[in-house]
Amino acid sequence: MPRAAQISPSILSADFARLGEEIALVSDTADWVHVDVMDAHFVPNLTLGLPVVEAIQRVSPVPLDCHLMIENPERWAPGYAEIGSRNVTVHAEACTDPRAVARDIRAAGALAGLAIKPGTPLEQYLDVLPDFDTLLVMSVEPGFGGQSFIADVLAKVRTARTLVDTGHLSLLVEIDGGINADTIEQAAEAGVDVFVAGSAVYGADDPAKAIAALRRQAASAMEG
Ligand code: DX5
Ligand code: ZN
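As structure tokens, then:
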């Protein structure tokens, strides 16, 4: 079955004082809305937490894709699923028992995602990936928007794509960091399904048009 390019705009680059309106701008074109939760411990930056994400969930017509860049995800991740997020992703580097976290996220009604930083080998987590629905390959160091794409991580995307295409894994491959008009095609060719884009969407004059353009580029690159 051909892959469909899905775009998940990151509201990290949106106006935090107008999150409802910023999400409304992309509601006809975005597949998911990516929400970056940072705790100032796992990453140096601090963004928002469960009460704010719950408020966003109440007004968002687009399913939420929560990316938890936090320590102790065991404690917090299920809550993000309980409020109705579509996908809840935790960092492999922050989990003591990734399988248990995946089980709790799924039990609370969301897809379970595993994120790996640019320097984290995929091989280390191959045995737990059957318990996850999404694999988030970070293509920048987590913590901030607007950084440059690290192309080396595409080797991990290719490995994951092959495992999915040969039936050894069943998950969506997501990429996050530095995705824009210059980088999305190489990510699509490597095998990404879901493309997170922050500054390339919310830094554009027309975020909805930017999403449509990114999706077209990704789709044509996938066709090869
Ligand atoms: C970074 C976040 C990303 C960020 C991406 O730690 O996980 O989701 O918003 O921003 P851009 O697309 O600008 O690199
Ligand atoms: Zn993110």
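Following my numbering from start to finish, the sequence shown increments by one per residue and tops out at 691.
Cβ atoms here follow ideal geometry from the backbone N, Cα and C, with glycine treated the same way.
Predicted model, so just to flag it, every value in this text is computed and none were measured.
Integer-rounded CB distance, given that residue 473 should sit under 8 Å from residue 604: Contact doesn't hold; Cβ gap of about 15 Å is too wide.
Return the residue from the list 636, 615, 517 and 560 that minimises the CA-CA distance to residue 593. Checked all of 636, 615, 517 and 560; the closest Cα to residue 593 is 636.
Could you tell me if the beta carbon of residue 477 falls within a distance shorter than 7 Å of some heavy atom in ligand 2? Distance from the C-beta of residue 477 to the nearest heavy atom of ligand 2 is below 7 Å.
Verify whether the separation of the beta carbon atoms of residue 644 and residue 614 is less than 8 Å. Contact: yes.
Verify the contact flag: residue 501, CB atom, against every heavy atom of ligand 1, threshold strictly below 7 Å. Yes, Cβ of residue 501 sits closer than 7 Å to a heavy atom of ligand 1.
To the nearest angstrom, how far is the alpha carbon of residue 536 from that of residue 638? Those two C-alpha atoms are separated by around 20 Å.
Can you tell me where the beta strand (DSSP E) with residue 582 in it begins and where it stops? Run containing residue 582: 578-583, per the beta strand (DSSP E) assignment.
Which residue wins for smallest C-alpha separation from residue 478, given the options 470, 490 and 471? Ranking 470, 490 and 471 by CA distance to the CA of residue 478 puts 490 first.
Helix, strand or coil at residue 681 according to DSSP, with G and I counted as helix: The answer is helix: DSSP assigns residue 681 an H, G or I state.
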